[in-house]
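Numbering (the working numbering), first residue to last: 1 to 248.
Written out as C-alpha cells, the structure is:
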C-alpha cells in the first residue's frame, strides 16, 4: 500500500517488489541500512540459524534476522544489484557482526569496482561485547556504491575541498520508537543528504524502518520514496513524518 505524504511516498510492503517499478537511474541518492542478520549465532564452531539470545533482536521486533550465511549474502547481492540499477549513488550503512561478517566481506569483493568511498561512522560510545574475548563495537560502515567509481570524486558534492572527512563522529541519538532499537540518527542522514544531493532530488530508502531517511528528506526539501515491510513500523514512521509536516 502506498501513502502520499508531503514530498514523498511511503510504501508498506516488500522493497524488491517496489524497486521493480522504479526506472533505471531515477533515484539521485539512496540512503539505507539493511537488516544485519544479527541473530545468526555461532554455537560449537558452527553457525546456528536460530535466535539463541532474544535480547540481540534490536533492529526488528517481528523479523528473525537470522538467515543462513549464504542466504544472507544472496539477499545483500540482490539488494545492491537493484539499488545500483535505479540509483546514481548508494549510501549503504552496515555493521560487521558475527552473523554477517563472511557475507559482507564477500560482497565487498564482488562489488569492488562499484565502491566509490567508505565512511567510518564512529558512534562515539561503543556497544559492549556480547561475550568474552570479543572487542566492543564503536563504528559502522557507510559504503558508497556507484557505477562511476573509478574516481573518488563525487558528481554532486556540496562541500569545499578539504572540509569533509571520511570518519564521522555522530552519536546514535534517541530512539524515535521504543520497539525499534537500531535507527539512523537524523544528523547522519542530514550530512549525507546535504553533501551528496540537491534540493528537489529524489531520495530512496528500501528499508525505511522508523522513517528517518524520509523525514530528513522532507525537512531538506527533497522528494523521497521509502519502503518498509513491517506494518507496525510503517504506521509509526508515517505518523512521525506527518507530525514534522504539521509543525513546519
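Glycine residues also receive a C-beta, built at the ideal position from the N, C-alpha and C atoms.
Keep in mind it's a predicted model, so treat the numbers as computed, not measured.
Which residue comes first and which comes last in the beta strand (DSSP E) that contains residue 228?
-> Bounds of the beta strand (DSSP E) holding residue 228 are 223–228.
Helix, strand or coil: which one does DSSP assign to residue 188?
-> Of the three classes helix, strand and coil, the one that applies to residue 188 here is helix, per DSSP.
Same chain only: Cβ atoms within 6 Å of residue 161, ignoring 5 sequence neighbours per side | Taken in chain order, the list of residues that qualify is empty.
C-alpha gap between residue 234 and residue 126, whole angstroms = Residue 234 and residue 126: Cα-Cα distance of roughly 29 Å.
How is residue 119 classed by DSSP in three states: helix, strand or coil?
-> Looking at residue 119 - three-state DSSP - the assignment turns out to be strand.
For residue 47, does the three-state DSSP call read helix, strand or coil?
-> Of the three classes helix, strand and coil, the one that applies to residue 47 here is strand, per DSSP.
Residue nearest to residue 77 in terms of C-alpha spacing, selected from 165, 16, 221 and 153 | Residue 16 is the option with its Cα nearest to residue 77.
For residue 41, which beta-bridge partners are listed by DSSP?
-> Paired residues: 48.
Between which two residues does the alpha helix (DSSP H) containing residue 218 stretch?
-> Looking at the DSSP string, the run of the alpha helix (DSSP H) that includes residue 218 is 212–219.
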